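Colleague: Mind looking over this structure? Questions follow.
Protein chains: 2
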Amino acid sequence: MNNRQLLLNKRPVGFPSEDVWRLEYNEIPELQENELLAQVLYISLDPAMRGWMNDVKSYVPPVQIDEVMRCGGVARVLESNHPDFKTGDHVYGMTGVQEYCVTDGKGWVIVDPDLLPLPRYLGTLGMPGFTAYFGLLDVGQPKEGETVLISGAAGAVGSVTGQIAKIKGCRAVGIAGGPEKCSYVVNELGFDACIDYKNENVRQGIKEHCPNGIDIYFDNVGGEILDIALTRINKGARIPICGAISQYNNEVPVKGPSNYLSLLINSARMEGFVVFNYRHRYGEAAKMLGQWVAEGKIKSREHIETGLENWYPTFKKLFTGDKRGKLVLQIADQN
Amino acid sequence: MNNRQLLLNKRPVGFPSEDVWRLEYNEIPELQENELLAQVLYISLDPAMRGWMNDVKSYVPPVQIDEVMRCGGVARVLESNHPDFKTGDHVYGMTGVQEYCVTDGKGWVIVDPDLLPLPRYLGTLGMPGFTAYFGLLDVGQPKEGETVLISGAAGAVGSVTGQIAKIKGCRAVGIAGGPEKCSYVVNELGFDACIDYKNENVRQGIKEHCPNGIDIYFDNVGGEILDIALTRINKGARIPICGAISQYNNEVPVKGPSNYLSLLINSARMEGFVVFNYRHRYGEAAKMLGQWVAEGKIKSREHIETGLENWYPTFKKLFTGDKRGKLVLQIADQN
Numbered sequence: 001m002n003n004r005q006l007l008l009n010k011r012p013v014g015f016p017s018e019d020v021w022r023l024e025y026n027e028i029p030e031l032q033e034n035e036l037l038a039q040v041l042y043i044s045l046d047p048a049m050r051g052w053m054n055d056v057k058s059y060v061p062p063v064q065i066d067e068v069m070r071c072g073g074v075a076r077v078l079e080s081n082h083p084d085f086k087t088g089d090h091v092y093g094m095t096g097v098q099e100y101c102v103t104d105g106k107g108w109v110i111v112d113p114d115l116l117p118l119p120r121y122l123g124t125l126g127m128p129g130f131t132a133y134f135g136l137l138d139v140g141q142p143k144e145g146e147t148v149l150i151s152g153a154a155g156a157v158g159s160v161t162g163q164i165a166k167i168k169g170c171r172a173v174g175i176a177g178g179p180e181k182c183s184y185v186v187n188e189l190g191f192d193a194c195i196d197y198k199n200e201n202v203r204q205g206i207k208e209h210c211p212n213g214i215d216i217y218f219d220n221v222g223g224e225i226l227d228i229a230l231t232r233i234n235k236g237a238r239i240p241i242c243g244a245i246s247q248y249n250n251e252v253p254v255k256g257p258s259n260y261l262s263l264l265i266n267s268a269r270m271e272g273f274v275v276f277n278y279r280h281r282y283g284e285a286a287k288m289l290g291q292w293v294a295e296g297k298i299k300s301r302e303h304i305e306t307g308l309e310n311w312y313p314t315f316k317k318l319f320t321g322d323k324r325g326k327l328v329l330q331i332a333d334q335n
Numbered sequence: 001m002n003n004r005q006l007l008l009n010k011r012p013v014g015f016p017s018e019d020v021w022r023l024e025y026n027e028i029p030e031l032q033e034n035e036l037l038a039q040v041l042y043i044s045l046d047p048a049m050r051g052w053m054n055d056v057k058s059y060v061p062p063v064q065i066d067e068v069m070r071c072g073g074v075a076r077v078l079e080s081n082h083p084d085f086k087t088g089d090h091v092y093g094m095t096g097v098q099e100y101c102v103t104d105g106k107g108w109v110i111v112d113p114d115l116l117p118l119p120r121y122l123g124t125l126g127m128p129g130f131t132a133y134f135g136l137l138d139v140g141q142p143k144e145g146e147t148v149l150i151s152g153a154a155g156a157v158g159s160v161t162g163q164i165a166k167i168k169g170c171r172a173v174g175i176a177g178g179p180e181k182c183s184y185v186v187n188e189l190g191f192d193a194c195i196d197y198k199n200e201n202v203r204q205g206i207k208e209h210c211p212n213g214i215d216i217y218f219d220n221v222g223g224e225i226l227d228i229a230l231t232r233i234n235k236g237a238r239i240p241i242c243g244a245i246s247q248y249n250n251e252v253p254v255k256g257p258s259n260y261l262s263l264l265i266n267s268a269r270m271e272g273f274v275v276f277n278y279r280h281r282y283g284e285a286a287k288m289l290g291q292w293v294a295e296g297k298i299k300s301r302e303h304i305e306t307g308l309e310n311w312y313p314t315f316k317k318l319f320t321g322d323k324r325g326k327l328v329l330q331i332a333d334q335n
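First to last, the sequence lines map onto chains A and B.
Anchor point for the first sequence: position 322 equals 322 in our numbering, and the numbering is continuous, going up by one each time.
Anchor point for the second sequence: position 151 equals 151 in our numbering, and the numbering is continuous, going up by one each time.
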């Protein structure tokens with residue numbers, strides 16, 4: 001049985017061109033003791049992938065040239081020499097962008113397709129949801145009545161962040177691109193307001209929709225919007241730095257926040273985090289998020305594209321914003 | 001009796017020119033109930049003064065045009081209608097840049113000239129010392145064995161910060177301008193090392209003197225050095241933002257830290273603070289700092305210039321770095 005794999009072909013400069021990766025058929029290695037073979041069903045596309053391709057020290061080692069492109073995914077166990085997994089189990093783990101994967105199961109978990117649609121384990125009940133959960137609650141520490149501003153509000157992380165903010169009794173204001181996304185954020189997800197950065201003046205929008213200032217700015221985008229947000233923070237504000245999608249494909253140096261001295265004036269803090277720090281608490285996040293989803297307090301949607309051959313146009317959607325909900329690529333039929 | 005006062009004449013753009021202020025003789029108003037009249041002996045010159053002159057919202061209101069220039073100082077009570085102060089007391093408070101001041105005494109404290117030289121109440125036992133104390137201990141939260149990097153290490157705040165870091169069992173590495181200051185920082189104050197940013201490569205110096213990375217970067221300067229420090233922080237690092245003296249006289253926008261995404265990668269935080277947040281704990285800081293000074297664990301020196309007419313050349317020294325120790329201007333003879 002041959003395995004179609006997406007390998008990193010060369011390191012990108014700026015926005016990755018299609019030939020940064022190559023598709024290749026390779027033999028599946030023989031299963032060893034304590035390993036399992038799984039068929040990949042859905043993979044998760046996330047902005048963080050862009051960072052994993054740079055040859056720099058980071059919170060995880062970079063993907064190497066000729067290595068399978070890293071990603072999380074949901075798969076079905078075909079064969080198992082591992083005591084914790086059996087044939088037919090649905091599992092979540094770092095599958096990589098390929099049709100089949102062989103793994104020792106470290107960090108993998110079993111997921112239940114009868115409880116939730118499988119792609120949701122890549123979004124709200126997966127890394128993006130956990131990122132929102134720990135980033136807002138642990139780093140942001142929201143208090144009832146506070147105002148939480150969230151960029152990338154229609155995205156996989158931002159959408160959950162705002163809904164948790166609402167659950168915690170905060171005012172949630174989103175920033176997203178385009179009227180459709182803003183309407184989704186307010187009317188479907190229940191944010192108090194959403195600023196359309198493509199068609200509105202963000203400075204004016206923040207002034208209008210955060211009349212009491214910003215207590216938490218949950219930043220997914222960096223760049224100009226971070227700088228504007230910094231001008232409206234309250235004393236003691238928290239800025240969880242979750243990402244900086246506006247800067248990931250830069251060919252020039254990252255734009256640092258010129259208004260960072262607002263942190264000094266307001267005794268505020270800007271704090272980075274990665275979800276992997278909270279590995280030991282994933283169970284807690286899964287339980288709480290699962291409960292909120294069941295209670296209808298957290299809604300979500302996935303944008304599902306199909307076929308490994310559509311990797312590149314799907315990847316591009318991460319950065320063009322031309323997607324609705326958590327971006328997922330279906331690799332094989334679920335049944 | 002006439003009072004010579006330094007008034008704000010106009011708002012500066014970039015580095016303040018001499019005519020930003022003017023000296024003027026004015027009548028001393030008659031003393032009211034619960035007021036005191038004091039003769040100013042020493043005033044404190046601090047980089048923060050530059051910020052107070054900008055017409056922007058900050059942690060204190062800006063000094064207004066035609067108002068006495070704001071500053072802290074030590075004075076001697078000449079006359080008192082206030083129950084807490086009597087003639088002959090030495091007092092610390094926001095005297096303003098002038099020969100005499102009339103005040104309701106709010107926020108003023110009595111200081112003892114027999115315990116310490118009076119100028120020290122403007123440095124180690126005053127706002128700069130308190131700033132170091134709370135900025136390092138509360139914001140930085142040093143743990144034994146950690147590495148603390150301090151810019152402006154020969155300055156009023158930085159010099160105390162590094163000595164407290166040593167008291168707490170940390171490795172203290174300074175950054176200062178010129179061999180004389182660096183030698184003072186290491187040989188007199190007991191830092192483990194000091195990088196001369198005027199004559200050495202700071203990146204290389206940090207690499208050499210912080211071989212285990214940076215756990216706390218106590219930032220007084222901002223700009224390029226902040227950006228370099230960000231490339232060497234450890235996981236969970238803290239960056240108390242105390243000041244940004246390199247940026248205060250900018251005529252162009254402040255240089256934001258391009259490497260701020262190092263906060264994300266390292267789950268680190270950058271946190272601003274102002275000493276006034278800790279007003280309710282000044283007593284604690286004064287007690288601890290006083291004890292450390294008495295034990296010889298904290299050393300300090302003051303750079304004292306003389307005469308209100310020398311205000312401008314003295315002020316300039318804040319930013320040229322042409323000073324040794326806490327910058328103080330003597331306004332009147334102490335005895």
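Note that the Cβ used here is the ideal one computed from N, Cα and C, for glycine as well.
Here the structure is a predicted model, which means the values were calculated and not measured.
1) Nearest by alpha-carbon distance to Phe191(B): which of Lys181(B), Asn199(B), Glu200(B) and Lys198(B) is it?
2) Are Leu31(A) and Arg4(A) closer than 8 Å when you measure CB to CB?
3) What are the boundary residues of the beta strand (DSSP E) that Glu345(A) is part of?
4) Spell out a yes or no on whether the region 75–95 of chain B and the region 306–323 of chain B are touching, meaning 3 or more CB-CB pairs, one atom from each, closer than 8 Å.
5) Pull up the CB-CB distance for Glu302(A) and Gly123(A), whole angstroms please, since I reckon it's below 8 Å.
6) Give a yes or no on contact between the region 259–279 of chain A and the region 125–135 of chain A, applying the rule of three or more CB pairs nearer than 8 Å.
7) Which residues in chain B have a C-beta closer than 8 Å to the C-beta of Ser58(A)? List them in chain order.
8) Do Val68(A) and Val91(A) count as a contact pair if the criterion is CB distance below 8 Å?
9) Measuring only the C-alpha atoms, how far is Tyr260(B) from Tyr260(A)?
10) Residues in its own chain within less than 7 Å of Gly96(B) by CB, not counting five upstream and five downstream?
11) Any contact of the region 274–292 of chain A with the region 286–300 of chain B, i.e. 3+ C-beta pairs under 8 Å?
12) I need the straight-line Cα distance from Asp66(B) to Val221(B), nearest angstrom please.
13) Any beta carbon of chain B sitting closer than 8 Å to that of Ala38(A)?
14) Report all residues from its chain with a CB closer than 8 Å to the CB of Gly243(B); omit the five preceding and five following residues, and keep chain order.
15) Along the chain, which unbroken stretches of the alpha helix (DSSP H) at least 4 residues long are found entirely within the region 46–112 of chain A?
16) Do Gly140(B) and Ile337(B) have their beta-carbon atoms positioned less than 8 Å apart in this structure?
17) Residues of chain B with CB under 7 Å from Pro128(A), in chain order?
18) In terms of residues, what are the limits of the alpha helix (DSSP H) holding Ile216(B)?
19) Quick one: which residues of the region 249–262 of chain A get their C-beta closer than 8 Å to a C-beta of chain B? List them in chain order.
20) Who pairs with Thr147(A) in a beta bridge, going by DSSP?
21) Determine, using beta carbons only, whether Gln330(A) and Tyr59(A) come nearer to each other than 8 Å.
22) Using the beta-carbon of each residue, which ones in chain A are nearer than 8 Å to Ile241(B)?
23) Report the neighbours of Asn277(A) on chain B: residues whose CB is nearer than 8 Å to its CB, in chain order.
24) Between which residues of its own chain and Arg281(B) is the CB-CB distance below 8 Å, once the five residues before and five after are set aside?
25) Could you check the C-alpha separation between Ile195(B) and Leu45(A) for me, to the nearest Å?
26) Against Glu224(B), what residues of chain A qualify as contacts under a CB-to-CB distance less than 8 Å, listed in chain order?
27) Using 8 Å as the threshold, is the C-beta distance between Thr147(B) and Val186(B) below it?
28) Is the beta carbon of Tyr121(B) less than 8 Å from the beta carbon of Val40(B)?
29) Starting from the beta carbon of Glu271(B), find every residue of chain A whose beta carbon is closer than 7 Å, and list them in chain order.
30) In the structure shown, what three-state DSSP assignment does Arg203(B) receive?
31) Distance check for Ile265(A) and Asp227(A), CA to CA, integer angstroms please.
32) Chain B partners of Val13(A), CB-CB under 7 Å?
33) What residues in the region 176–188 of chain B bring their beta carbon closer than 8 Å to a beta carbon of chain A?
34) Terminal residues of the continuous alpha helix (DSSP H) containing Ile195(A)?
35) For Val274(A), decide whether its Cβ has a neighbour in chain B, counting only Cβ atoms nearer than 8 Å.
36) How would you list, in chain order, the residues of chain A whose beta-carbon sits under 8 Å from the beta-carbon of Ala244(B)?
Modeller: The short version:
1) Numbered from 1 along the second sequence, position 191 holds the residue referred to as residue 191(B). Nearest of Lys181(B), Asn199(B), Glu200(B) and Lys198(B) to Phe191(B), Cα basis: Lys181(B).
2) Working through the first sequence from its first residue, we reach residue 31(A) at position 31. Working through the first sequence from its first residue, we reach residue 4(A) at position 4. Not in contact: Leu31(A) and Arg4(A) (Cβ atoms no closer than 8 Å).
3) Since the first and last residues shown for chain A are 1 and 335, residue 345(A) lies out of range.
4) no
5) Counted from its first residue, the first sequence places residue 302(A) at position 302. Counted from its first residue, the first sequence places residue 123(A) at position 123. Sure, about 6 Å apart at Cβ, within 8 Å.
6) yes
7) Counting from one through the first sequence, the residue named residue 58(A) turns up at place 58. The contacting residues are Ile265.
8) Reading the first sequence from its first residue, position 91 is the one you call residue 91(A). Reading the first sequence from its first residue, position 68 is the one you call residue 68(A). Not a contact, by the Cβ cut-off of 8 Å.
9) What you label residue 260(B) is simply residue 260 of the second sequence in a count that begins at 1. What you label residue 260(A) is simply residue 260 of the first sequence in a count that begins at 1. Those two C-alpha atoms are separated by around 10 Å.
10) In the second sequence, residue 96(B) corresponds to position 96, counting from 1. Same-chain partners within the cutoff: Val68, Met69, Arg70 and Cys71.
11) no
12) As a working mapping, residue 66(B) is identified with position 66 in the second sequence. As a working mapping, residue 221(B) is identified with position 221 in the second sequence. Answer to the nearest angstrom: the Cα atoms are 30 Å apart.
13) Translated into positions along the first sequence, residue 38(A) becomes position 38. Closer than 8 Å: no.
14) Locating residue 243(B) in the second sequence gives position 243, counting from the first residue. For Gly243(B), where only same-chain residues beyond five positions count, the Cβ hits under 8 Å are Pro47, Ala48, Gly152, Val157, Asp219, Asn220, Val221 and Gly222.
15) 48–52
16) One cannot answer for residue 337(B) here, as it falls past the ends of chain B, which runs 1 to 335.
17) Indexing the first sequence from 1 puts residue 128(A) at position 128. What Pro128(A) touches in chain B: nothing, since even the nearest Cβ is about 16 Å away.
18) Along the second sequence, read from residue 1 onward, the residue named residue 216(B) stands at position 216. First-last for Ile216(B): Ile214 to Phe218, but that is the beta strand (DSSP E), not the alpha helix (DSSP H).
19) Pro253, Val254, Lys255, Gly256, Pro257, Ser258, Asn259, Tyr260, Leu261 and Ser262
20) Residue numbering aside, residue 147(A) sits at position 147 when the first sequence is read from its first letter. Answer is Arg171(A), bridged to Thr147(A).
21) Here residue 330(A) refers to the residue found at position 330 when the first sequence is read from its first residue. Here residue 59(A) refers to the residue found at position 59 when the first sequence is read from its first residue. No, the Cβ-Cβ distance between Gln330(A) and Tyr59(A) is not below 8 Å.
22) The count along the second sequence starts at 1 and reaches residue 241(B) at position 241. Those are Tyr260, Leu261, Leu263 and Leu264, listed as they occur along chain A.
23) Working through the first sequence from its first residue, we reach residue 277(A) at position 277. Here the neighbours are Ser267.
24) Position 281 of the second sequence, counted from the first residue, corresponds to residue 281(B). Counting only Cβ-Cβ distances below 8 Å, and skipping sequence neighbours, we find Phe134.
25) For the purposes of this step, residue 195(B) is taken as residue 195 along the second sequence, with counting starting at 1. For the purposes of this step, residue 45(A) is taken as residue 45 along the first sequence, with counting starting at 1. Distance between the alpha carbons of Ile195(B) and Leu45(A) is about 44 Å.
26) For the purposes of this step, residue 224(B) is taken as the residue at position 224 of the second sequence. By Cβ distance, chain A contributes nothing, its closest Cβ being about 11 Å from Glu224(B), past 8 Å.
27) The residue you call residue 147(B) lines up with position 147 of the second sequence. The residue you call residue 186(B) lines up with position 186 of the second sequence. Not in contact: Thr147(B) and Val186(B) (Cβ atoms no closer than 8 Å).
28) By 1-based counting over the second sequence, the position of residue 121(B) is 121. By 1-based counting over the second sequence, the position of residue 40(B) is 40. Taking 8 Å as the Cβ cut-off, Tyr121(B) and Val40(B) do not qualify as a contacting pair.
29) Along the second sequence, one-based indexing puts residue 271(B) at 271. Within 7 Å Cβ-Cβ: Leu263 and Arg269.
30) Numbered from 1 along the second sequence, position 203 holds the residue referred to as residue 203(B). Of the three classes helix, strand and coil, the one that applies to Arg203(B) here is helix, per DSSP.
31) Within the first sequence, the letter at position 227 stands for residue 227(A). Within the first sequence, the letter at position 265 stands for residue 265(A). For Asp227(A) and Ile265(A), the distance between alpha carbons rounds to 15 Å.
32) Against the first sequence, residue 13(A) aligns to sequence position 13. In chain order: nothing, as chain B lies at least about 18 Å away.
33) none
34) Reading the first sequence from its first residue, position 195 is the one you call residue 195(A). First-last for Ile195(A): Ala193 to Asp196, but that is the beta strand (DSSP E), not the alpha helix (DSSP H).
35) In the first sequence, residue 274(A) corresponds to position 274, counting from 1. True, the Cβ-Cβ gap to chain B drops below 8 Å.
36) Counting from 1 along the second sequence, the entry for residue 244(B) is found at position 244. Per Cβ cutoff of 8 Å: Leu261 and Leu264.
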